[in-house]
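A.B. asks:
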Amino acid sequence: MLDMVVGRVVVPPDLPVGSVILTRDWTMSAPGGASYRCTSGTNRFAAKIVSPGATDLGNKIYSTNVPGIGMRFSRGGATVNIVYPDVFSSRVYNTTNYSLEGSRFTLEIIKTAATTGSGTLAAGKYTSYDWESGGNPILETYLSANAITVVSPSCSVLSGKNMNVDVGSIRAHRPERGRHHRRREGF
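Numbering follows full-length UniProt numbering, in which position 182 of the sequence shown is assigned residue number 182; successive positions increment by one, without gaps.
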């Protein structure tokens, strides 16, 4: 299982809707790890979204519990390049082993609305990569508690630009002569 820990993600207020806020890749590097042994014929593997309540917003971007924030998942490598959900088919003529070694899993966090919320993305399982019939996933992804926290600033600083600020009229204050103010000490 892969915990998609990213940490704090700040959404620039002027970022257009549909823009990728952050992309994070994880490389599958463990030799001798999980693999499938496939016999000759067509083998089909399903990349599924399994997060309860996640809805497809279009272009394979899925909603999250934080308003205006979506996620897209993909897997790539020498033989497999898919965006979840999808099915990868492979026709083999001899017994073949498939493993994740050398491939990568990619998470994109995407701005899906003009106004975005702030908060921690819900913990739980998000994706599964398995035989099409299911039951024995070779890769599952999840978020642990506080794995991704989205911060949407309410304003931005315009640095390097001169700005005129009207503060109204200001009256000069001059202390009166001859008056002494007593200082209070200790109560």
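Where is the CB? At the ideal position from N, CA and C, for every residue including glycine. In this text the structure is predicted, and so the values were computed from the model without any measurement.
#1: Could you check what DSSP says for S128 in three-state terms: helix, strand or coil?
#2: With a threshold of 6 angstroms on Cβ separation, who are the neighbours of R99 within its own chain once the five nearest residues in sequence on each side are excluded?
#3: Spell out whether any CB of chain B is found under 8 angstroms from the CB atom of Y98.
#4: Count the other CB atoms within 10 Å of the CB of I148; is the residue buried (16 or more) or exposed (fewer)?
#5: Within 10 angstroms of the Cβ of V5, are there 16 or more other Cβ atoms? Answer buried if so, exposed if not.
#6: Put E140 into one of helix, strand or coil per three-state DSSP.
#7: Rank S118, S154, A122 by C-alpha distance to the C-alpha of G53 and give the top, closest one.
#8: Name the DSSP bridge partner or partners of A54?
#9: With distance defined between alpha-carbon atoms, name the residue in S152, T112, N136 nearest to V17.
#10: Can you give me the C-alpha to C-alpha distance between V20 and S152, rounded to a whole angstrom?
#11: Hey, would you say G102 sits closer than 8 angstroms to M28, going by beta carbons?
#12: Could you pull the DSSP bridge partners for L15 from this structure?
#13: Can the beta-carbon of E140 be found closer than 8 angstroms to that of V87?
#14: Closest to P12 by CA distance: which of N162, S51, S118, H173 is it?
#15: Taking 8 angstroms as the threshold (C-beta atoms), are I69 and V150 in contact?
#16: Can you name, in chain order, every residue of its own chain whose Cβ lies under 6 angstroms from the Cβ of L143, other than the five neighbours on each side?
C.D. replies: Let me spell this out:
#1: Taking the first residue of the sequence shown as 1, we reach residue 128 at position 128. Residue state, collapsed to three classes: strand.
#2: Numbered from 1 along the sequence shown, position 99 holds the residue referred to as residue 99. Checking the sequence, you will find Ser at residue 99 rather than Arg. Result list for S99: S35, in chain order.
#3: Absent from the structure is chain B; it holds one protein chain and no more.
#4: As a working note, residue 148 is residue 148 in the sequence shown. I148 comes out buried.
#5: Sequence index remark: in the sequence shown, residue 5 carries index 5 (1-based). With fewer than 16 Cβ atoms within 10 Å of its Cβ, V5 is classed as exposed.
#6: Working through the sequence shown from its first residue, we reach residue 140 at position 140. Three-state result, E140: strand.
#7: By 1-based counting over the sequence shown, the position of residue 53 is 53. Answer by Cα proximity: A122.
#8: Numbered from 1 along the sequence shown, position 54 holds the residue referred to as residue 54. Its beta-bridge partners do not exist; DSSP assigns none.
#9: By 1-based counting over the sequence shown, the position of residue 17 is 17. It is T112 whose Cα lies nearest to the Cα of V17.
#10: Taking the first residue of the sequence shown as 1, we reach residue 20 at position 20. Taking the first residue of the sequence shown as 1, we reach residue 152 at position 152. Going by the C-alpha atoms only, they are around 14 angstroms apart.
#11: To locate residue 102, count along the sequence shown from 1; it is residue 102. To locate residue 28, count along the sequence shown from 1; it is residue 28. Closer than 8 angstroms, so yes.
#12: Position 15 of the sequence shown, counting from 1, holds the residue named residue 15. DSSP, once it has assigned bridges, lists no residue as partnering L15.
#13: Translated into positions along the sequence shown, residue 140 becomes position 140. Translated into positions along the sequence shown, residue 87 becomes position 87. No, they are not a contact pair.
#14: Locating residue 12 in the sequence shown gives position 12, counting from the first residue. Nearest of N162, S51, S118, H173 to P12, Cα basis: S118.
#15: Against the sequence shown, residue 150 aligns to sequence position 150. Against the sequence shown, residue 69 aligns to sequence position 69. In this structure, I69 lies closer than 8 angstroms to V150 by Cβ.
#16: Stepping through the sequence shown from its first residue, residue 143 is reached at position 143. M4, L121, A123, listed in sequence order.
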